[in-house]
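Single-structure report; data block below.
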Amino acid sequence: MNKFKANQNDKNQTIFKFLKKKYKDTPLSVIYKWLRVGDIKINDKRVKLKSYLIQENDEITVYDNNKPTKRDTFIKLTNYNLNVIFEDQNILIVEKPFNLEVHSPVATSLDDIVKSYLIDKNEYNPSQENSFVISHVHRLDKLTAGLIIYAKNKTAHSLLTQAIQEKDMIEKYYRCKIDIPVTETLIADGWIEYNPVLKKSVYTENEEFGFKKCKSVFNVVSLDVINETTELEVQIFTGKKHQIRATLEYYQAPILNDTRYSGTIVNDRKMIYLYSCKLVFQNMINELEYLNGKIIEITPAW
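Spelled out as structure tokens, the structure:
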């Protein structure tokens with residue numbers, strides 16, 4: 001028999017989803033059986049409906065000898081640097097440096113730094129969580145820098161994930177430098193596919209089998225006539241892997257230092273000239289409605 005007490009980050013999660021997270025090494029057929037035969041009690045009452053929604057402070061009892069999966073122990077970093085751009089009770093927006101993974105199972109990542117920061121602030125305690133883990137809600141490539149959003153609780157994570165998927169709730173803008181002079185706006189409404197063999201994405205203007213729809217708009221910010229380079233502001237309407245990089249390669253305007261996508265090397269820094277610089281919140285709902293109209297913007301650190 002095992003007992004658990006639900007906390008705020010377990011609230012409104014189905015009992016089935018909760019059990020799947022707690023018993024990752026247990027076959028789903030066994031979890032279904034627990035519910036079917038009445039081996040699950042919540043607040044001393046048997047629960048057989050897998051869609052039952054857990055509430056904060058619910059006491060969950062599993063009458064079985066299977067042991068819950070032991071969560072990986074997180075070792076807090078003692079030495080780290082984190083540039084916090086915006087923070088409140090629900091979200092944290094930080095600046096990711098160039099040449100740092102957002103998430104990595106083998107090396108220090110931005111996730112590790114953010115977790116350590118929130119532990120030091122006494123806002124996150126992994127040992128007291130049943131299933132919630134502090135997490136980013138979108139990613140940037142390792143060589144790209146800029147704004148990343150983190151959710152500080154389960155409710156915020158669910159709402160932010162939905163917002164990212166809906167596309168019209170969080171506008172994302174980037175800055176980049178390309179190695180040709182341009183003066184006109186480009187609306188790139190095409191198709192893209194990631195090739196795992198080449199480890200790069202391929203963009204095309206025409207629909208092809210297996211490709212997914214993508215759209216980006218490129219506006220000129222400044223033109224360096226002497227060096228024949230251009231700085232662009234990019235708004236993406238779809239978040240496909242390497243979308244900006246692949247699109248610019250297709251139009252023969254690759255990003256500086258982005259050798260994977262035909263870019264010219266201008267220095268030996270482990271970075272490409274692509275920067276997530278602005279987030280605009282709109283149409284947010286429920287607990288995050290207060291963010292509507294908020295603009296978070298930083299200047300690229302080239």
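For the sequence shown, the UniProt record's numbering begins at 1 and goes up steadily by one. Beta carbons: idealized from backbone N, C-alpha and C, even for Gly.
Integer-rounded CB distance, given that residue j should sit under 8 Å from residue i
i: Y150; j: I134; result: 6 Å
i: C176; j: I255; result: 5 Å
i: S131; j: K21; result: 4 Å
i: I85; j: I296; result: 6 Å
i: T73; j: D25; result: The pair is not a contact, with the Cβ atoms about 17 Å apart (cut-off 8 Å).
i: C214; j: T238; result: 4 Å
i: I93; j: Y174; result: Contact flag wrong, Cβ pair sits at about 15 Å.
i: T230; j: P181; result: 6 Å
i: A6; j: Q55; result: 7 Å
i: D10; j: F18; result: 6 Å
i: K172; j: L279; result: 6 Å
Residues near residue i in its chain [Cβ-Cβ closer than 6 Å; skip 5 each side]
i: H242; result: S201
i: Q252; result: none
i: H103; result: S109, D111
i: V217; result: I187, Q235
i: L35; result: K48, K50
i: T247; result: A188, Y203, S216
i: I119; result: K76
Neighbourhood of residue i by C-beta, 7 Å cutoff - its chain only, sequence neighbours within 5 removed
i: A163; result: M169, I170, M284
i: F211; result: W191, I192, E193, T204
i: D64; result: W34, D39
i: L223; result: P181, T183, T230
i: E123; result: K152
i: T264; result: D179, L256
Boundaries of the alpha helix (DSSP H) in which residue i is found, first to last residue
i: D112; result: 110–120
i: E166; result: 154–166
i: F16; result: 15–22
i: T247; result: 243–250
Counterpart residues of residue i in DSSP-defined beta bridges
i: E87; result: L92
i: R46; result: K41
i: E59; result: K5
i: E287; result: E287 is not bridged to any residue.
i: residue 303; result: This structure leaves residue 303 out entirely; the chain is present only between 1 and 302.
i: E228; result: E228 is not bridged to any residue.
i: S222; result: E231
i: L53; result: T14
i: S216; result: A188, I236
i: I255; result: I178
Contacts around residue i, its chain only, beta-carbon distance under 8 Å, and the 5 residues preceding and following it disregarded
i: I91; result: I149, Y150, A151, K152, A156, L160, L288, L291
i: N206; result: G190, W191
Beta strand (DSSP E) segment containing residue i, residue limits
i: E171; result: 170–178
i: T204; result: 200–204
i: L274; result: 274–281
i: Y194; result: 186–195
i: I295; result: 295–297
Test: residue i CB closer than 8 Å to a CB of chain D
i: I42; result: Looking at the structure shown, chain D is missing, and only one protein chain is on hand.
| Cβ contact (3+ pairs, closer than 8 Å) linking the segment 93–112 and the segment 137–150 | yes
| query | Is the segment 33–42 touching the segment 52–63, taking contact as three or more C-beta pairs under 8 Å? | reply | Touching, yes, given that three or more Cβ pairs across the two stretches are closer than 8 Å.
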